[in-house]
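Undergrad: My structure is below; once you've seen it, I'll send some questions.
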Amino acid sequence: MTRGEYRHTVQEDGIIKSVYHLAEPAQKISPPKDYVLKKMDETDAAGLSALYKAVFQIYPTPLNDSDYIVKTMQEGSIYYGFVHDGQIVSAASAEVNSFYKNAEMTDCATLKEHRKFGLMKVLLARLEDEIIENGIYCSYSIARALSFG
Numbered sequence: 013m014t015r016g017e018y019r020h021t022v023q024e025d026g027i028i029k030s031v032y033h034l035a036e037p038a039q040k041i042s043p044p045k046d047y048v049l050k051k052m053d054e055t056d057a058a059g060l061s062a063l064y065k066a067v068f069q070i071y072p073t074p075l076n077d078s079d080y081i082v083k084t085m086q087e088g089s090i091y092y093g094f095v096h097d098g099q100i101v102s103a104a105s106a107e108v109n110s111f112y113k114n115a116e117m118t119d120c121a122t123l124k125e126h127r128k129f130g131l132m133k134v135l136l137a138r139l140e141d142e143i144i145e146n147g148i149y150c151s152y153s154i155a156r157a158l159s160f161g
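First residue of the sequence shown: 13, per the numbering used here; consecutive thereafter.
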């Protein structure tokens, strides 16, 4: 193990310990009534790209491009989001692979000032329900080990 690898191991161990020390929420968090859950469609692509531009400085796919978002929708990706005061403030997608019957839960983003309402938990649960309705029973997500939060 090199010195750099050891530093990452120590950092990863610290992240794991901090996760173990998280307290369970005392009560179920429900979004306020002025947050509207919506299945996104092609007319929402510009709003989605604006959200992704605001949340991510860099991202492995061009989510800041509304045409790219439309293309992914046409290829079978499902997007859900929360709208607040006419603006998409939180969103996630299921990138569905119909041939292999699986879906990646991805593109999760919430504007910082809206992160205290459990929006992502609701979005991911709704996406899971929809893919199950469509015969997709295997879903997964990718997390970056040095990115906790």
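Here a beta-carbon is modelled for each residue, glycine too, at the ideal position from N, C-alpha and C.
1) How about S102 and L60: do their beta carbons lie closer than 8 Å?
2) For the segment 110-129 and the segment 139-158, state whether three or more C-beta atom pairs, one from each stretch, are separated by less than 8 Å.
3) If you draw a straight line from the alpha carbon of V67 to that of M132, how long is it in whole angstroms?
4) For I100, count neighbouring Cβ atoms within 10 angstroms of its own Cβ and tell me buried if that reaches 16, exposed if not.
5) With a cut-off of 8 Å on the beta carbons, I'd call P44 and F129 a contact; round off their distance for me.
6) For H96, name the three-state secondary structure that DSSP assigns.
7) How about Y92 and L75: are their beta carbons less than 8 Å apart?
8) So, under 8 Å CB-CB, V82 and A57 are touching, yes? Tell me the CB distance rounded to an integer number of Å.
9) Any C-beta of chain B sitting closer than 8 Å to the C-beta of S61?
TA: Straight from the coordinates:
1) For the purposes of this step, residue 102 is identified with residue 90 of the sequence shown, where counting begins at 1. For the purposes of this step, residue 60 is identified with residue 48 of the sequence shown, where counting begins at 1. It is not a contact, given that the beta carbons lie outside the stated cut-off.
2) yes
3) Sequence index remark: in the sequence shown, residue 67 carries index 55 (1-based). Sequence index remark: in the sequence shown, residue 132 carries index 120 (1-based). Whole-angstrom Cα-Cα distance: 14 Å.
4) By one-based count along the sequence shown, residue 100 stands at place 88. I100 comes out buried.
5) Position 32 of the sequence shown holds residue 44. Position 117 of the sequence shown holds residue 129. Confirmed, about 6 Å.
6) If you number the sequence shown from 1, residue 96 lands on position 84. Of the three classes helix, strand and coil, the one that applies to H96 here is strand, per DSSP.
7) Taking the first residue of the sequence shown as 1, we reach residue 92 at position 80. Taking the first residue of the sequence shown as 1, we reach residue 75 at position 63. Taking 8 Å as the Cβ cut-off, Y92 and L75 do not qualify as a contacting pair.
8) Against the sequence shown, residue 82 aligns to sequence position 70. Against the sequence shown, residue 57 aligns to sequence position 45. Confirmed, about 5 Å.
9) This model lacks chain B altogether, as it is built from one protein chain only.
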